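Participant: In our numbering, the protein residues as written are 4 to 267.
Dropping the structure in here first, questions after.
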């Protein structure tokens, strides 16, 4: 009897090719934006609980002895806790990456601290990348045209090279790059690799600065002033990052020139 009903022309069947109902489509849109809502909610909660007061050099100056004693007594747990905090801070776009990197170098040494930061920053950035891509990526990719489309296509074709260079020289805020990369339709694998390897020089440089931050904090306290990141990061270090980025950009530029020459 079931077969007879299924063979009738007017019989309704649950065909996979049937268009989704309005309710299903609406639910799909809601779920698509859920990750972004979670990110924004996490960022708002972070500020509401005053986490910005704890993720500062002033807090490190006041609590440096207690923090270091705790790490010495609970090294593995402290490392895992620091890694989790770093992932959450980057995923929720909390503006504390530089300070946390210095924290890592101070508490764990430049090598272990730098490794924890590299992993935490890459994982956190990938979470934000996926959240943005799920919410806005397909929507914008089908609506850009003209110069923006050409820029997006060029960026996608040389995704690793361009993103690697941007990571080497942190001209743009870290979270902005994470969001922009999602809008330019870069694969997660390329994003992850370019981010991880691109941030290594800066990560270990900041962690190394953090390893010697104790003297800077003491000097700031003695002078009655609050320590700032600018007291640690010299113009020479910034110029070195830019020089490194320019060198890394050369292969991508040469490849683009050859490609245009071959197409003429």
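Beta carbons are placed, not taken as given, at the ideal position from N, Cα and C, and that holds for glycine.
Note that the structure is a prediction, hence the values are computed from the model and not measured.
According to DSSP, is residue 41 part of a helix, a strand, or is it coil?
Facilitator: Locating residue 41 in the chain shown gives position 38, where the first residue counts as 1. In this structure, residue 41 counts as helix in the three-state DSSP scheme.
Participant: Are the Cβ atoms of residue 123 and residue 210 separated by less than 8 Å?
Facilitator: The sequence position of residue 123 within the chain shown is 120, counting from 1. The sequence position of residue 210 within the chain shown is 207, counting from 1. Cβ atoms of residue 123 and residue 210: not closer than 8 Å.
Participant: Does the Cβ of residue 11 have 16 or more other Cβ atoms within 10 Å, making it buried, or fewer, making it exposed?
Facilitator: Indexing the chain shown from 1 puts residue 11 at position 8. Confidence at residue 11 is low in this model, with a pLDDT of 47, below 50, so its placement is unreliable and the value that follows should be read with caution. Classification for residue 11: exposed.
Participant: Tell me where the alpha helix (DSSP H) around residue 139 begins and ends.
Facilitator: By 1-based counting over the chain shown, the position of residue 139 is 136. Premise fails: residue 139 is in no alpha helix (DSSP H) and is neither H nor E.
Participant: My understanding is that residue 38 touches residue 185, with C-beta atoms under 8 Å, so please give their C-beta distance in whole angstroms.
Facilitator: Reading the chain shown from its first residue, position 35 is the one you call residue 38. Reading the chain shown from its first residue, position 182 is the one you call residue 185. Incorrect: roughly 11 Å between the Cβ atoms, too far for contact.
Participant: Counting beta carbon pairs with one atom in the stretch 198-206 and one in the stretch 87-98, are three or more of them shorter than 8 Å?
Facilitator: With a cut-off of 8 Å, the stretch 198-206 and the stretch 87-98 do not count as touching, because too few Cβ pairs lie within range.
Participant: Identify which residue in 129, 69, 130, 179 has its Cα closest to the Cα of residue 109.
Facilitator: By one-based count along the chain shown, residue 109 stands at place 106. Of the listed residues, the one whose Cα sits closest to residue 109 is 69.
Participant: Is the beta carbon of residue 86 closer than 8 Å to that of residue 119?
Facilitator: On the chain shown, residue 119 is found 116 positions in, with the first residue counted as 1. On the chain shown, residue 86 is found 83 positions in, with the first residue counted as 1. Going by C-beta atoms, residue 119 is nearer than 8 Å to residue 86.
Participant: Rank 75, 71, 127 by C-alpha distance to the C-alpha of residue 178 and give the top, closest one.
Facilitator: Mapped onto the chain shown, residue 178 falls at position 175. The option with the nearest alpha carbon to residue 178 is 127.
Participant: Tell me, to the nearest whole angstrom, how far the beta carbon of residue 172 is from that of residue 193; I am working on the premise that it is less than 8 Å.
Facilitator: Here residue 172 refers to the residue found at position 169 of the chain shown. Here residue 193 refers to the residue found at position 190 of the chain shown. Not quite, the Cβ-Cβ distance comes to about 19 Å (not below 8 Å), so this is no contact.
Participant: Who are the Cβ neighbours of residue 213 in its own chain at under 6 Å, not counting the five residues just before and after it?
Facilitator: Here residue 213 is taken as the residue at index 210 of the chain shown, counted from 1. Here the set comprises 105, 108, 109.
Participant: Can you give the beta carbon distance from residue 182 to residue 131, rounded, assuming they're within the 8 Å contact cut?
Facilitator: If you number the chain shown from 1, residue 182 lands on position 179. If you number the chain shown from 1, residue 131 lands on position 128. The pair is a contact, with the Cβ atoms about 7 Å apart (cut-off 8 Å).
Participant: Using only CA atoms, which one of 49, 73, 113, 83 lies nearest to residue 204?
Facilitator: Start at 1 with the first residue of the chain shown, and residue 204 comes out as number 201. Residue 204 has its Cα closest to that of 113, out of 49, 73, 113, 83.
Participant: Tell me whether residue 95 sits in a helix, a strand or coil according to DSSP, three-state version.
Facilitator: Position 92 of the chain shown holds residue 95. The answer is coil: DSSP assigns residue 95 none of H, G, I, E or B.
Participant: Can you give the beta carbon distance from residue 111 to residue 82, rounded, assuming they're within the 8 Å contact cut?
Facilitator: Position 108 of the chain shown, counted from the start, is the residue given in the question as residue 111. Position 79 of the chain shown, counted from the start, is the residue given in the question as residue 82. Right, the Cβ-Cβ distance comes to about 6 Å (below 8 Å), so this counts as a contact.
Participant: Following the continuous alpha helix (DSSP H) through residue 77, name the residue where it begins and the one where it ends.
Facilitator: Working through the chain shown from its first residue, we reach residue 77 at position 74. Careful: residue 77 lies outside any alpha helix (DSSP H) and carries neither H nor E.
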